[in-house]
Each structure stands twice: as structure tokens, then as C-alpha cells.
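Structure, as C-alpha cells:
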Amino acid sequence: MSPTPQQIFEGYLYAGTVSRNADALAETFTEDGVFEAPLMPDGAAFPRRLAGRAEIRSAMAAYYARPVQGGRTPNFEKSGYVLHTTSDPDVFIAEIDTVFDGDGDGDGGEADRAVSLVQIFRVRDGKIARLRDYFAPGLMD
């Protein structure tokens, strides 16, 4: 039985955002999987497009090895998501609200800050074949 959208999403979330494990993250993708961050400007530290599991693994390992800048650590207990299925059983959408504690945006303020983003997943054989990640590029170090 194929994994559900929730299982696929939670596996991806844990491998990447929670554990920052590039090997585990890459394994959530098909061998020819594609990761895209269309709003990311060219030349940014965070990759705009990665094609293939090997490139995803390599680029994300390099990205995760960088020191986290500006205290931008998400509070997972305060954050949340909603998954939306579509008429295509191989496509689902994740609507995510990530909360950063205190000065999580580096502006000197003490209030929590919530950041909303959307991810569109296309899956094949229980793995991510294509992920389009729409988020605010200014939040990435």
C-alpha cells in the first residue's frame, strides 16, 4: 500500500526541517525527483532548483552544514500545517505556518513571528517526484 500524503509530507518534514539530514531528505524523492524554490533569487545560498536525488543530497548537505544565521529556529510545537488533496491523486498541497520564537526574524523584537508558505507535491510510487516550495526568500540565511 502506498504511503498517504500525510506520511509522505511528515517524512519529508522530519528529514529536512526537523533533523536537517540530507541523506534522509534525498531518500524521500524519486531517483529523478526535482526540488524547486521558484521565489528564490538566482545566486542565493538556498538552491532554486535541484534535479535528481544525488543533486538534492549534495546541495542540501552543503546547505545544512552552514551555521544558522539570525536565530531563525522554528518552534515546532507552535507551528502547524494543513494538507489539501487535489483531483489528481498524485498531487497534494501543504499549507504551512511556521512560528519562530522571540526574535526569530532578527528584527530585535521579542514577539513570535509566524511565516506562511505553500508546498506543492507531485508523488510517484510513494516518493516525491517534484516539489515546488513557495516561501519568503528573505527568511533563508
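Each residue of the sequence shown is one higher than the last, beginning at 1103 in the working numbering. Glycine included, C-beta positions come from ideal geometry on N, C-alpha and C. Please read all numbers here as calculations on a predicted model, not as lab measurements.
Check                                                                                                    : Outcome
For L1219, three-class secondary structure by DSSP                                                       : strand
Classification of Q1109 by the beta-carbon crowding that lies within 10 angstroms, buried from 16 upward : exposed
Straight-line gap, A1153 to A1231 (C-alpha atoms, nearest Å)                                             : 10 Å
E1212, DSSP secondary structure in three states                                                          : coil
Residue of M1142, F1237 and F1223 minimising C-alpha distance to Y1114                                   : F1223
Limits of the alpha helix (DSSP H) - the one that L1233 falls within                                     : Segment K1229 to Y1236 is the beta strand (DSSP E) holding L1233; no alpha helix (DSSP H) there.
Assigned exposure category for T1130 - 16 Cβ within 10 Å defines buried                                  : buried
Beta-carbon proximity check, I1163 vs P1149, cutoff 8 Å                                                  : According to the sequence shown, residue 1163 is Ala rather than Ile. No, Cβ-Cβ distance for A1163 and P1149 is not below 8 Å.
Cβ-based neighbour list, D1125, same chain, cut-off 7 Å, excluding 5 preceding and 5 following           : R1159
Residues near V1120 in its chain [Cβ-Cβ closer than 8 Å; skip 5 each side]                               : F1178
Backbone secondary structure at D1199 - three-state DSSP                                                 : strand
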